[in-house]
Structures are given as C-alpha cells and as structure tokens.
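Quick note on numbering: UniProt numbering labels position 423 of the sequence shown as 423, and the sequence is numbered without any gaps.
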Amino acid sequence: MTLLAPEKLAPPGRGPRGRRARKAAEWEARTRVVGEKLAQVSARPAAQVLQDLHARHNGLKYSDVTERQERFGPNTVAHEKAPSWGIQLAKAFANPFIAVLVLLAAVMYVQDPEDPGVVILSVMVGISGLLRFWQEFRSGRAADALGELVTTTCAVQRRAGRSSLPTTLEVPMDQVVPGDLVKLAAGDLVPADLRLIAAKDLMVGQAALSGESLPVAKDDIRGDDRGQRATADPVEAGNLCLMGTSVTSGTATGVVVATGVDTYFGSMAGSLVGDRPQTNFDHGVRRVSFLLIRFMLVMVPAVFAVNGLTKGDWKGAFEFGVAVAVGLTPEMLPMVVSANLARGAVAMSRRKVVVKRLNAIQNLGAMDVLCTDKTGTLTEDRVVLDRSLDVHGREDTEVLEYAYLNSHFQTGLRNLLDQAVIDRMHEAEEVVVDARFEPVDEIPFDFARRRMSVVLRRNTLAGAESRPEHILITKGAVEDVLDLCTHVRDRGEQVALTGQLRWHVSRIAEEHHQQGLRVLAVATRTMDEPRDIYGVADEDRLVLIGFLAFLDPPKADAATALRGLADQGIEVKVITGDHPLVAARVCADVGLTVGDVVTGPDLDGLPDAELRELAARTTVFAKVTPVQKARLVRALQADGRTVGFLGDGVNDAAALRDADVGISVDTAVDIAKESADIILLEKNLTVLGDGVSQGRTTFGNTIKYLKMTASSNFGNVFSVLVASAFIPFPPMLAIHLLIQNLVYDISQLATPWDRMDPEYLRRPRNWDARGIGRFMVTIGPISSVFDIAMFLIMWNVFGADNEAHQALFQSGWFIEGLLSQTLIIHMIRTRKIPFLQSRASWPVMVMTGLAMATGLFLPFSPLAAGLGMVALPMSYFPWLIAVLFSYCALTQWVKTWYVRRFHGWL
C-alpha cells in the first residue's frame, strides 16, 4: 500500500539562517508533498481510491487491521515532550554568570578551602539556579499535543472475515489505520485524513486548519464531476475530511487515506518537535552576558598586574583580583531575572494570563508587532444576521419572515446561518409567523445545488371554507437561487425578472458581499398543485424576495483594545485564513487601516527580500496557509521586529513556535497551546494589553539591575585600579569587596517589586548590549570621582596615609562605597528626580535602607576586628554626607545630559 507512503526529502542547502531555515524549508516541502498527494486522492474516483488502499466498501478484516497497525504504527502525530525534571534542573544552572561564579569559587577553594568567599559564592549559585528551576517546573509542562484524541473514539466499519457481515465499532482514534471505513456524524472529530465515499448534508468545521469561521459543505463528488478545477490545497477539496476538523451537521462515510505523521495535520505538527528558535530575549541575554564577561577579562588582569607590581605581593594580588572578578560579575542577574519573571508570572495570572515559559514575559514587553487571527479576537466568533434586504437593498422584515420559516421548519441539524436567522427573529419577537404554517416536505441542502428548500402548508380563507396552499421557500447562494427565479417581489408586487433588473439585484448582492458580508438569497413559489412529496425539479419559476447578510460581529471592546495596543507602540497585523473581503470589513470596523489586502497566492514564490518589504507595509493578510503564516513571522523578525503571534488553531502552531512570543487561549487546540509561550484565559486583546504592561515592567526592573550593577561595579573597579597604583597598601581587603557585593546584591532582591514610570511602559523595550556598555562607562566613573575624593579626605584629613592606619582608610571607603552604590539604585531607577518626582516601591526603600544601615553598622560592630575594620570618628560623617550629596547632584546632571544625548535612560 503506497497511496500515501512517507516520502524522503533531500535536505535543503545551508542558507543564511542556518538550521532554523533548513528545518522550515524541510517542513514546507513535506507539507507541500502531503498536500499534493491528497489532491491526487481527491481527483480520483472513490472506487479507485478503495482499490489503491486494498480496501472494500464493507470495511477491513480484523487481520488486515492488525497487520496495518504494525506497519503504520499508531494514529498519533509527533509533538514536543516536556523535559524531565533533571534536564530542567541542569538548564536552570546553564548560565554564563553562574559558570563564572562556579569557576571563581573553585579557584578560591583551591587556594583556601576555609575561605568564607567560597560559601558566599556557593549560596549565590544555589539560590539563583534553584529559584529558576522551581519557577519553570511550577509553570507546568507542555501538554501532550493530542492527549485528548487518545481517549476519544470514532466509529469504524470492520469485518471478522471475508464472508462476515460488517459491524460498526467504536475504537480509540489512535487505532485507526489506512483503509478503515469511518462513519461520521454531527459532533464527531475527524480521526484521520479521509476520502469521502458517501455523504448526506455534511458540514465540516475547518477553522482549526484554515481559519474559516463558517463550516463548509463536503460530499463524495470529485471536483471534475461538479465542474470545478482540482485544488492543490487539501483543505479546499470538497471530498476530503482532514484530521483536526470536526463535523457540525450531516453524516458521511470516508475511507482513511493517511494516519499519524502522514496526515496533513501531522505534516504541520512534525515541524514543532526539536529545539525552539532563539528569541529576542535569548539573544539579548547572551549579548549582555558576554559584554560583561569581556569587560571582566580586561579589568581583572589589569587590577592583578597593578597590585602585584606596586605591592610585590602576587599571592595577595591574585586574591584581590578574584574578589574584583566577583565584584564585576552580576552574579545575582540569574536570580534577579528569575525573581522578576516569577513575580511577573504571578501578577499576570491575576490578569487571566498564564505564563508557560518565563522568558516570554520579557519578550511580551519587547513586542512591537502583534500578528493575530480575526476570529474570536477581533470578532465574537459567532454568526449573526446583520440585515434582511429587499431586492433594492432596503431593510425588509418580510424577507426575515420567509427566511425564518425556511430555517425553523427544516428537519436537519441547523447550521450557524439558520440559527442566526432564528435568533434574529426571536429578538424581533415576531415568532408567531410560524403558527400559520405546517411542514409538508423539504429538499435538503447539497454541495452541488448550494441551497435548501422547505414546502409548507399555509391556511388561507376563501369565503367560509379554508383552502390549503403549499408554498416552497428556498434559501441559498445568490447565483444559484437567482438562476431559478423568473420574478422578483418589488414593493409587494410580483415583477418579471428582466435582464436589467437581474443586473440590478446582482449588483445589490455584490455590494454587500464586497463589504465583507456573507450574502444568501431568499425566494419563494406558490405551488399550483399541492402534493405530499416534492423534489429538486420543483425549485423552479421562483420569486426572489430579497437577501440575508450575515457577519461575525466585531467585539464591542476590540477597537478600544487596538487603540490601547497602538498607544503601547504595538503594530497589529491580521493574518487569517478567512476570505479577504470578510477580513477587510472586520478590520475596518475595529479601526485598523486596511490598505491592500494580501492573499496567500500573492505570497507564493515571493523572494525573502520582497516578502520582508511586503510584510512591513501590509496590515491584513487573508487566505494564508500555515506555511505562509510562519514565513511571515520570520520575515518580520528578519526586519528587526520583535513578533508576537496570537492564534488557536492547528494552522497557527508553527507560527506560534517561530514567534518571539507565541500567545494562545485556553480553548485552543492542544497543539496550539503546546506551541505557545503564553496562554490567555480570555481571547481578548485588552487582557493582552495588560500582559504587555507587566512584561515591560518585568523587563524594566531587570534592566535596572543590570545598569545599576554594571555601572557601580565599573566605578568600584576603576577606583580600585587608581587606588592600587598610588596607595602603598590595599585600598580595600578582598573580604570587604565580597561583603560589600553581597550586601548590595541582597538589597537588589527587592528590584522585582519596584514600579516603573508610566512613560517607560508606553513603548516596546529591547535588549541593547551596546547601550548597557555605554551606560556603564558614562555613569560608572562618576562614583570613581567621589571615591577618589574620599581617598583624599581619608589620607589628608584623617591621616590614614600609612599601613598602620590602613584599617581606618579601608573602613572609610567601605562605608562610602556601599552607601554610594546603594543610593545609585534610586538615581538610576528613574529618569526623573528621585524621591521628588518618582519614588521607589516600599520593598526597595526598605531593602536599600537596611543595606545602608548594615554598611554603617559593620565598622562599629563586634565583627569589625575580624573583618579588619575600625570605628570611624564622628567628624567623618559630615564629610560623608557632603560626598554623597555631591555624588547624587552630579549624577542627576549627567542623567539629564544623557537622556537628551541618547534619547533614553533605562
């Protein structure tokens, strides 16, 4: 059996985007191959398909099923498995800063196993890694993409032997094999890719694959037989039902032509297995990490060399160099980032946003373009009757009444359009119209006719006797119904349908179609000879009553939410599988500037450079395939954008995975939720806007820590370098540097609870390694100026100018260094004047206050002697206040200049 046997594809050549580009090309090629094979199946007669599969109309034998299960395997698709807790734990410690700390701790341990610095560094490493592991583990593992399908059953027809009668069995979906006959009914999930061999009034919901909000009709007729061209898109094929879709009405029998990874669904799901692409957050952390490590590799040897050459104590210089390396390493960055992300995840959960992958919070804050589907996001994801029109396009309740009778009296499962008509009639409180009618017969909908009719008995009075009258009411596609009409109802009169009038009513329908409305025609006929049975031949010589116009209405808050996203600096692009006119109408209604709508065929074969340009300038993309959605995301990323993608269907899964931040909803298909980073408990852009603000707050607090730590550490090391060159004794002991660093870092644990200025939250924020480096070398030396001023004060005012008084010198600089380093938190956390125009949150105020109190206390504490410190005279403190005040004043002046010069602060 080779009908849909897997086909090996040659790997594409090495492209500029490396492995990710090659994998995307391989996935696109495989999906295309599967689509082409399904198109071939669609074009063949049903009997030929059964023959190719070695299947029969009465089902497979049990022995055949067993053999095929062994050959083809279970009917499941590839999906991402959550890593074990051990791997998650290892990844939590896989950080360049943690690696530096482990290396430094090892060096210190080799030199002195009892060095307290080893314990300090080990505690920092342990807390940082374990905190991140716990948050990632608690956030939950990715759900099995098709976990629900494993426990869901489907009806198949099988036989015990060649001469046995077939029986219909309920079997788990993962046990379905190629050649099985599957029975479908309303509410069923389609378990595999099927070629229909029989169907009655079948309507299938394909939103998960195509994005189409309305169900589509399916039957067992080949496209050639109904006068349609063959389609290369299996979703569009009228005689195929694909895995991942569902039956909304009708019944059908189909033969399984592909299962598991060989299905169209499976070809898309296979692209989701493996390493996730690097996101904006990943790139930013890596760039900043290696910037700081490179800086450390330059400064530490310089300090080591200067100390060794000037003091002659190379062992002491080495220990001091290690302490400086610790001081330069933002060792709390992993912990602060983890705490920031964890805090953000908790805050977002209160706003109905579940964070699956913590790094996505900062990507959400950096997002500057959001790609979203329209159905359920911009619209209410339901069909309503917008208007009922006469042949001139005027509102007419008579059209609604006839449409209601057609929908109300049909015996099949009502589709969404029928329900919309009934709901509209109930809203108008005019349901008494059906009391005058009784059902006689109906002519069901089918794909070829694209209409359905009911025949009703209407009782009228003729003198004293009642005379039954049969009336046929038809509702369906405008072109098909209009072809059957000979007259129109015009202002209560029956008028012949002339060529000019036909052109007029067609134009009325087309105008509403161009507005993005789904238009149906309603026609009627009074039967000359009442009888009990009617057929398709009776749908003739109809009188056109008017039109029905349906839409999926925009959400009431969609326009407000879009304005909110625009105020946050986020551009919204709509990428949908729905019709271009429908997409344009909805987008215009919610306030988006539509411009030219680009469709999927427009994107085929477009070079990457042209696609980047097109993606940048276009707002609405319609009739887009899953492959094209993912390609659009990558095109925007190649243009330097941070891309968010909001989707809930199988057709969105690849784009969700490729985006910098994938966003889905709790009602999405499992494979979409698996691919997403963030899950909304409400499919609402307002909820997403709240999440963006939280993401930017989280990102801002992380950048605060980096800039505070990098600039203050740079200033400290620069001061150490100057002091080492000109002072005959160590300006500060290694233990002093470690304690100062530890106290400062502990104070930084409150950073995740700080607030951000409202101005900061108004635009997207991205990692900027060059900006951090520039900030470090601009702001850092300011503290060195006042460190040197304190050196001179201790040397000249307090006589700490020799080794006998080095403890006094070191204690004086320890206090000034720690207090200035702590005060800079308040100076850097805002571009405004601290304490006056912007105040930190109370946790930050408390922690920085405790850090300063600790610094002031240590030289006077019982620990002072063991730490090599001495109490300072009271005359020291006026000098300290003057130095710190001057430091803050100069920093504020430089901050003002920096903001004007570089148009930013954090």
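Just so you know, even glycine gets a beta-carbon here, dropped at the ideal spot from N, CA and C.
All values reported here derive from a predicted model rather than from experimental measurement.
Span separating the alpha-carbon of residue i from that of residue j
i           : j           : result
residue 481 : residue 384 : 21 Å
residue 598 : residue 740 : 59 Å
residue 501 : residue 418 : 28 Å
residue 932 : residue 549 : Examination of residue 932 is not possible in this model, given that the chain is present from 1 through 906 alone.
residue 61  : residue 160 : 6 Å
residue 452 : residue 575 : 33 Å
residue 348 : residue 695 : 9 Å
residue 207 : residue 120 : 56 Å
residue 479 : residue 677 : 45 Å
residue 528 : residue 652 : 54 Å
residue 388 : residue 533 : 30 Å
residue 722 : residue 298 : 15 Å
residue 497 : residue 560 : 46 Å
residue 821 : residue 355 : 34 Å
residue 424 : residue 374 : 23 Å
residue 775 : residue 707 : 7 Å
residue 899 : residue 709 : 19 Å
First and last residue of the uninterrupted beta strand (DSSP E) at residue i
i           : result
residue 163 : Unbroken run through residue 163: none, as it is neither H nor E.
residue 366 : First-last for residue 366: 360-366, but that is the alpha helix (DSSP H), not the beta strand (DSSP E).
residue 443 : 437-443
residue 621 : 620-622
residue 183 : 181-184
Which of helix, strand or coil DSSP assigns to residue i
i           : result
residue 453 : strand
residue 203 : strand
residue 908 : Absent from the structure is residue 908, since the part of the chain shown begins at 1 and ends at 906.
residue 119 : helix
residue 645 : strand
residue 861 : coil
residue 917 : No information on residue 917 is available, as it lies outside the stretch 1 to 906 that the chain covers here.
residue 463 : Legend: pLDDT at residue 463 = 47, less than 50; position of this residue unreliable, value from coordinates given subsequently. Note: residue 463 maps to coil in three-state DSSP.
residue 597 : coil
residue 96  : helix
residue 426 : helix
residue 175 : helix
residue 113 : coil
residue 146 : Only weak support is given to the placement of residue 146: the predicted model assigns it a pLDDT of 29, under 50, and the value that follows is read from those uncertain coordinates. Three-state DSSP puts residue 146 in coil, outside helix and strand.
residue 391 : coil
residue 40  : helix
residue 751 : helix
Top-ranked residue by Cα proximity to residue i, from the options
i           : options            : result
residue 731 : 810, 536, 348, 520 : 810
residue 104 : 268, 510, 318      : 318
residue 750 : 566, 881, 843, 531 : 843
residue 217 : 252, 233, 193      : 252
residue 343 : 565, 157, 752, 542 : 752
residue 236 : 339, 184, 35       : 35
residue 514 : 337, 582, 325      : 582
residue 819 : 852, 808, 790      : 852
residue 102 : 92, 303, 124       : 124
residue 562 : 91, 572, 93        : 572
Residues near residue i by beta carbon distance below 6 Å, same chain, minus five either side
i           : result
residue 803 : 729
residue 639 : 612, 616
residue 341 : 358, 361
residue 784 : 715, 718, 719
residue 628 : 600, 603
residue 664 : 648, 672, 673, 676, 679
residue 697 : 756
Alpha helix (DSSP H) segment containing residue i, residue limits
i           : result
residue 504 : 499-514
residue 542 : Unbroken run through residue 542 is the beta strand (DSSP E), 542-551; no alpha helix (DSSP H).
residue 688 : 685-726
residue 563 : 558-567
residue 781 : 769-792
residue 821 : 806-828
Contact set for residue i: own chain, Cβ-Cβ below 7 Å, skip 5 residues either direction
i           : result
residue 51  : none
residue 107 : 322
Same chain only: Cβ atoms within 8 Å of residue i, ignoring 5 sequence neighbours per side
i           : result
residue 249 : 186, 201, 202, 203, 215, 412, 413, 414, 415
residue 624 : 211, 575, 576, 577, 599, 600, 603, 632
residue 835 : 826
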